[in-house]
Amino acid sequence: MSLPLTTVGSSLFLDETQKAKKYLMSLVSEGVSQAVSTGLYKSLFLARRSEEYIVKHYPENQMRSPMHMSMGQEFVSVGVCSALEGKGDIFASYRSHAAFLAQTHDTDRFFAELYGRMSGTGEGKGGSMHLAAPDSGHLLSSGVVATQIPVAIGAAFANARLRTGRTAVAFFGDGATDAGVFWESVNAASLFRLPVMFVCEDNGYAVDTPRAARQTFESLTEAVRPFGCDVYEDDSGDVESVYLLARRAAETARSKRRPAFLNIKCCRFLEHVGTGEDWHWGYRDKEATVRDWIARDAVITQRRRLLALGVAEQEIVALEGEVESIVRRSVERAVAAAIPGPERLYAGVFHAKA
Ligand SMILES: Cc1ncc(C[n+]2csc(CCOP(=O)(O)OP(=O)(O)O)c2C)c(N)n1
Ligand SMILES: [Mg+2]
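Per our numbering, residue 18 is the first one in the sequence shown, and the count goes up by one each step.
The structure is reproduced here in structure tokens:
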């Protein structure tokens, strides 16, 4: 079975039975209003629809950037960014579509960057791996594994010194925890009691290598614990669970003045880089992944939850239509925008003059 492009409404998920409703309601913990639940769905749907557009149109070769897709993992950054309510300074990896959109909702600059246009986040020169909009709190995305983590520490240090009340957030994959700089950063942040959240999007693989083939310790969460920051782990695959966890982590971090480490289990639905599937590579068990993750896709879960909460189907369809128009308009604007000329080659780039 191949992944349906439009996963929303997939028959893979739970039947509309009382049991399913009860299950969905049990995932709704106290402290999540219907407005927040709806907002979380809108953010999830925006990221999913944007990437579905990319999957469909990438073969036209007008978006020239390598693509590391967030599909399947969106609930992590949507949950965290929503919990921080704009007060997060985001430092992300090359797999940052969902984080960028969750933080900025800026589909105009997003698609313009992917299409290599002047109106993109980096005048079209950075592409998918280097999305950044510092004015909207997405400070950077980095193509070099783990390098965003120590930069987030710098921002946390500045935020602490300047008492901005903002929290630096480093998003990274489990593969980044193979890098020494991750451990140095956790140590330094704990030592200096910095306002930073380390968020591991733990999809279990660095490209095609599973964690067990890279790390000797059994639990990453337990390995981080002795450093003295608060540690959290979540394998629900559920956006509201992550939202609540991140909110609690941020509050605790603020009151105790110490960093937080969130290990959020997730599943990358598509190949490591590119817009296709990679089940034929044989490095991960397709059936287990389908059953365990695609079947409880956070986007579908959240849609079902809204229905279980009593939100009218027409209201959800209207919201989806609104998001689709936003994506379509942004793509139209991007395609119509100017391509940077050769005179822009060195603008905004560090280079030595001859
Ligand atoms: C310093 C560095 N080493 C190696 C690479 C090549 N590389 C790109 S992605 C990747 C795997 C990273 O895995 P993970 O951190 O788990 O992120 P995921 O791709 O799973 O989101 C590697 C080794 C790189 N970009 N930078
Ligand atoms: Mg990984």
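Idealized CB from N, CA, C, for every residue including glycine. On a predicted model such as this, the values are computed, not experimentally measured, just so you know.
Completely contained beta strand (DSSP E) runs for the stretch 136–210, where each covers 3 or more residues: 155–159, 184–190
Note down, in chain order, each residue of its chain lying with its Cβ closer than 7 Å to the Cβ of A205, except the 5 sequence neighbours on either side. I170
Give me the residue from G221, V95, G245, S202 with the minimum Cα distance to S236. G221
Which residues does DSSP list as the beta-bridge partners of C217? F189, N280
First and last residue of the alpha helix (DSSP H) that includes I343? 330–353
Does the beta-carbon of I281 have 16 or more other beta-carbons within 10 angstroms, so that it is buried, or is it exposed? buried
Quick one: Cα of G182 to Cα of F128, how far? 31 Å
Below 8 Å, can you find three or more Cβ-Cβ pairs linking the stretch 171–179 to the stretch 209–224? yes
Under 7 Å: does the beta carbon of R301 sit that close to some heavy atom of ligand 1? no
Suppose you measure from the CA of I71 to the CA of V334; what does that come to, to the nearest Å? 22 Å
Could I get the ranges of all uninterrupted alpha helix (DSSP H) runs contained in the stretch 281–328, with 4 residues as the minimum, in chain order? 303–309, 315–325
For G365, tell me which candidate among T138, R271, A305 has the shortest Cα-Cα distance. T138
Simplified DSSP state of S87, which is helix, strand or coil: coil
Buried/exposed call for L362, threshold 16 Cβ in 10 Å: exposed
Based on the DSSP secondary-structure assignment, which residues constitute the bridge partners of E5? Nothing about residue 5 can be reported from this structure: the residues present for the chain run from 18 to 371 only.
Specify the secondary structure class of G56 as computed by DSSP and reduced to three states. helix
Using a Cβ cut-off of 8 Å (strictly closer), state whether L324 contacts chain B. This model lacks chain B altogether; it includes just one protein chain.
Any idea what DSSP makes of I107, helix, strand or coil? strand
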